[in-house]
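Enquirer: Chains A and B, in that order, give the protein sequences.
Each residue of the first sequence is one higher than the one before, starting from 1 at the first, in our numbering.
Each residue of the second sequence is one higher than the one before, starting from 408 at the first, in our numbering.
Note that beta-carbon positions come from the ideal geometry of N, C-alpha and C, so glycine has one too.
Since we're looking at a predicted model, the values are computed, not measured.
Protein chains: 2
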Amino acid sequence: MLQDNRESISKKIGMDFEVVRIGIRDASKPRSLPASMFTQDLQSIVDDPNIDVVLELMGGVDPAGGLVEKALLNNKHVVTANKELIAKHGSRLVHLAKSRGLDLHFEAAVGGGIPLIQPLKHQLAGNSVLKMMGILNGTTNYILTQMQQEGSEFDVALAEAQAKGYAEADPTNDVDGFDTSYKVAILASIAFGRQVPMDGVYREGIRSITKLDIKYADLLGYCIKLLGIVEPTAPDRILARVHPTLIPKAHPLASVLGVYNALWLHGNFVGDVMFSGRGAGSDPTASAVVGDFIDVGRNILGGGAGSAIPYDSGMLTSPISDLKTSYYLRIHVQDRPKVLGVIATEFGNYDVSLAAMEMKTLDAGRGEIVFLTHPVREQSFRDSLVALQNSGTVETVCNWFRVEDSQ
Amino acid sequence: MLQDNRESISKKIGMDFEVVRIGIRDASKPRSLPASMFTQDLQSIVDDPNIDVVLELMGGVDPAGGLVEKALLNNKHVVTANKELIAKHGSRLVHLAKSRGLDLHFEAAVGGGIPLIQPLKHQLAGNSVLKMMGILNGTTNYILTQMQQEGSEFDVALAEAQAKGYAEADPTNDVDGFDTSYKVAILASIAFGRQVPMDGVYREGIRSITKLDIKYADLLGYCIKLLGIVEPTAPDRILARVHPTLIPKAHPLASVLGVYNALWLHGNFVGDVMFSGRGAGSDPTASAVVGDFIDVGRNILGGGAGSAIPYDSGMLTSPISDLKTSYYLRIHVQDRPKVLGVIATEFGNYDVSLAAMEMKTLDAGRGEIVFLTHPVREQSFRDSLVALQNSGTVETVCNWFRVEDSQ
């Protein structure tokens, strides 16, 4: 991208730039630039006094974190796409950059090419964020879209995503929600001004979703998405979570399909805004990295480098048991008289009230029931499930998911 | 907003701020702040040496333009929501600000609280923009949504919008597309780096749309939106236009309903991105203005003021006759043998080929036909209409609109 759009990028920075050296892992890969530009000695790049800006696109905390820190200590501006590094060490690195009058930008770490971090830091900064919900991982959104549109089971959709190169051979980082949780932590840190500890982000992946659940959700007017959700729960405290979520089909996030990502947020003045686009891939990532690079160039020229307001560590988080939301529940019961009465009584004991229900007969003597509840505290809902299982009425709690009814 | 979120805004600027004086037109209106803060002498504000930043929220070119210019000449940073002023004089004012090391921000001029201008200037700046399409006026989108969902005619939907306060007593600025054309000019100036002259923006409003056209569009898989559309036509030349447009129901802009605004763009690296939210109203406008104000504050503190890259005047534009797109056409014909043959022949003479057709019989001897064409140069399409009317076969050309099939 720096080559293709070189003239317009130079014009937008207000000065020319030169790519000095490119650090690589694998020297045997064919490259489109002269061999003399490449090195496997990454340390030599962050120590090179002729380099003003370092772009870090390795991923992972080690050795990327040490290299970024060294680059800052050597007075180089840094642009990175490294979500895990920023989620875990962003506060410390941003403070280090600020203290040395340097820029540290990481727009590509969340949402690929979609502008999210900087709009939160700047154009939306005057708002108190009341809620954020994001589809922040293209792999899982692709899998869920396939399950919804083709009626595939998870394993089939995952295999297809792997065949198309959308999912890795070991898909854990995506399908178990780790990738989304890093991005949620970064967005929450920016929006609420303190770094969110990773163990404060509740996390569930999408492996447990079946095509049957997707069918029932559809019948009830919902689709199932892996959402990252953040909301304030008290002054200086938030609840940050990643899990499969039922959202109404009319919600704008429900129309975000395939590998697309989106962030929906509600601010106390701006109201609802949504950003969407391609959340991954080399070209969208390049778009974000080069946007950051242009800003660094302008700041070098204009004297505004290091003007970012750093955020401290230590955001307080609420446990998932404090969540108050609606739930989807699918159970199998022995089909005998009064089963619904028993269930209603147990729900009532834990303040769980019902908003919708679907029933069907399975084989002889057994039935499947799907419930949507009204909002209730998660601890109460979980307690009611234990009580149901102990009641002798419910054969199996097959599956349950949280529901977002906010439009 | 500055009062409500004062503490968090001060924290995000990195220093405290004080509202010094508020210029008003009408001294008799009740105000929530002490009377001593208000003045009708606007000149005294831009001349006050104790004021660092001026927020201009008057609208119109005169006297707002003179006041903004004077504020800059007096070394004050300026934040404005004035779309007409920036569309017509943005290049000159941005150059003036830059030459004095000052900030001139105008995020609120387009899309209300949705971050659009700054993401185009920064995070997306490395891209060549290949196409932009926006729903940039909430009043007309509300009217079209009502026509689509309630089956109202334009006059009824307009009256309802006026009753709800979404449309003014004189709705010309909105329904005839002037407001959208200012916003299109600003977005195009930022994205393509030169100020677009207002007479280079083709403009049509929504008064000619009937509920019948909306019904036919629906039947064909489309809805009708007032879009602002910009695309490059040659190096350093663009085609910028505002008109009712048929877009496929599956296009993300088709789901933008009521007073919501949205900008969809395609960049050569980022691919498709879309931004949506409330495009007008005092709270969303405040969100954008305060976001700009926070940036000005940070720049004052961090030394980055005036680092924006100014854009020159004189963008070259292509005439609408050079457009190549698809068309929707509704005509009335005398229902006699070979009418379709005559029409097909005339279309063929002008390279117009057909993609879809709907026909129905009106009263005895007359028929209504709706065509969707394949893409063709607008001049050819218009020539074909003249030929059809001269052929003796077509009784009336009832209505025609441009179609966007790009996903």
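I need the boundaries of the alpha helix (DSSP H) containing B:Q450, first residue and last residue.
Expert: Residues L449 to D454.
Enquirer: Taking A:P244 as part of the alpha helix (DSSP H), name the residues at either end of that continuous run.
Expert: Looking at the DSSP string, A:P244 is not in any alpha helix (DSSP H); the run it does join, the beta strand (DSSP E), is R237 to P248.
Enquirer: Which residue marks the beginning of the beta strand (DSSP E) containing A:F347, and which one marks its end?
Expert: Element bounds for A:F347: not the beta strand (DSSP E) but the alpha helix (DSSP H), V339 to N349.
Enquirer: Identify the residues that DSSP records as bridge partners of A:M132: which are they?
Expert: DSSP, once it has assigned bridges, lists A:V230 and A:L265 as partnering A:M132.
Enquirer: Helix, strand or coil, according to DSSP, for B:F424 in the structure here?
Expert: Looking at B:F424 - three-state DSSP - the assignment turns out to be coil, as it is neither helix nor strand.
Enquirer: If you follow the beta strand (DSSP E) that B:N806 is in, where does it begin and where does it stop?
Expert: Taken as a continuous stretch (DSSP letters only), the beta strand (DSSP E) holding B:N806 covers V801 to V810.
Enquirer: Alpha carbon to alpha carbon, what distance is there between B:A576 and B:S683?
Expert: Using only the alpha carbons, I get a separation of about 27 Å.
Enquirer: On the DSSP bridge assignment, give the partners of A:D411 in chain order.
Expert: Any property of residue 411 of chain A remains undetermined from this structure, which presents chain A solely from 1 to 407.
Enquirer: Short of 8 Å in beta carbon distance, which residues of its chain neighbour A:K434, apart from the five on each side in sequence? Order them along the chain.
Expert: Since the displayed chain A opens at 1 and closes at 407, residue 434 of chain A lies outside it and no answer follows.
Enquirer: Just curious, the beta strand (DSSP E) that B:D733 is in, first and last residue?
Expert: Reading off the sequence, residue 733 of chain B comes out as Ser, not Asp. Where B:S733 is concerned, the enclosing beta strand (DSSP E) stretches over K731 to Q741.
Enquirer: Alpha carbon to alpha carbon, how far is A:R241 from B:G709?
Expert: Cα-Cα distance, rounded: 35 Å.
Enquirer: The beta strand (DSSP E) spanning B:I776 covers which residue range?
Expert: R773 to T780 is the span of the beta strand (DSSP E), which, as asked, contains B:I776.
Enquirer: Please confirm whether A:Q407 has its beta-carbon closer than 8 Å to some beta-carbon of chain B.
Expert: Its pLDDT being 46, under 50, A:Q407 is placed unreliably by the model, and the measurement read from it follows with that caveat. So, not an interface residue.
Enquirer: Any contact of the region 59–73 of chain A with the region 251–260 of chain A, i.e. 3+ C-beta pairs under 8 Å?
Expert: No, the region 59–73 of chain A is not in contact with the region 251–260 of chain A.
Enquirer: CA-CA distance, A:R21 and A:T373?
Expert: Approximately 58 Å, taken between the alpha carbons.
Enquirer: Chain B partners of A:H77, CB-CB under 9 Å?
Expert: None at all; the shortest Cβ gap to chain B is about 13 Å.
Enquirer: Once you ignore the five residues that flank B:D423 on each side, which residues in its own chain have a CB closer than 7 Å to its CB?
Expert: Here the set comprises S417.
Enquirer: Would you list the one or two residues that DSSP bridges to B:G430?
Expert: Its beta-bridge partners are B:T446.
Enquirer: Can you check whether the CB of A:V184 is closer than 8 Å to the CB of A:L136?
Expert: Against a cut-off of 8 Å, the Cβ pair of A:V184 and A:L136 comes out as a contact.
Enquirer: Measuring CB to CB, does A:V333 end up less than 8 Å from A:V394?
Expert: Yes, these two residues count as a Cβ contact at 8 Å.
Enquirer: Name, please, each residue of chain B whose Cβ falls closer than 8 Å to the Cβ of A:P34.
Expert: Within 8 Å Cβ-Cβ: nothing; A:P34 doesn't reach chain B, min ~23 Å.
Enquirer: Would B:P782 pass as an interface residue toward chain A - the criterion being a Cβ-Cβ separation below 8 Å?
Expert: No, B:P782 lies away from the interface with chain A (no Cβ there is under 8 Å from its Cβ).
Enquirer: Assuming B:M554 is part of the alpha helix (DSSP H), what are its boundary residues?
Expert: It spans G545 to E557 - the alpha helix (DSSP H) in which B:M554 sits, taken as one unbroken run.
Enquirer: Does any residue of chain B bring its CB to less than 8 Å from the CB of A:R298?
Expert: Yes, contact with chain B.
Enquirer: Between the beta-carbon of B:Y718 and the beta-carbon of B:G628, is there less than 8 Å?
Expert: No, the Cβ-Cβ distance between B:Y718 and B:G628 is not below 8 Å.
Enquirer: How would you label A:E7, buried or exposed, when you count the other beta carbons within 10 angstroms and need 16 or more for buried?
Expert: The residue in question, A:E7, is exposed, as its Cβ has fewer than 16 Cβ neighbours within 10 Å.
Enquirer: List, in chain order, every chain B residue whose beta-carbon is nearer than 8 Å to that of A:R92.
Expert: Ordered by position in chain B, no residue passes the 8 Å Cβ test against A:R92, which lies about 19 Å from the chain.
Enquirer: Would the region 495–511 of chain B and the region 617–628 of chain B be scored as touching if the rule is three or more Cβ pairs under 8 Å?
Expert: Touching, no, given that fewer than three Cβ pairs across the two stretches are closer than 8 Å.
Enquirer: Take A:I369 as the anchor and find which of A:E378, A:A344 and A:H122 has the nearest alpha-carbon.
Expert: Answer by Cα proximity: A:A344.
Enquirer: Compare the Cα-Cα distances from B:L464 to each of B:S689, B:L594 and B:N580 and report the closest residue.
Expert: When each option's Cα is compared against that of B:L464, the closest is B:S689.
Enquirer: Which one or two residues does DSSP pair with B:M681 in a beta bridge?
Expert: Answer by DSSP bridge pairing, in chain order: A:S276 and B:W671.
Enquirer: To which residues does DSSP link A:T317 through a beta bridge?
Expert: For A:T317, which the question treats as bridged, DSSP gives the partners A:I238.
Enquirer: Closest by CA to A:K12, which one among A:K338, A:N299, A:L340 and A:Y142?
Expert: The candidate whose alpha carbon is nearest that of A:K12 is A:N299.
Enquirer: Is it right to say A:M147 is buried, meaning 16 or more other beta carbons lie within 10 angstroms of its own, or is it exposed?
Expert: Its Cβ being crowded by 16 or more others within 10 Å, A:M147 is buried.
Enquirer: Starting from the C-beta of B:M605, find all residues in its chain whose C-beta is less than 8 Å away, skip the five residues before and the five after it, and write them out in chain order.
Expert: Only A494, K495, S588, Y589 and A592 meet the Cβ criterion.
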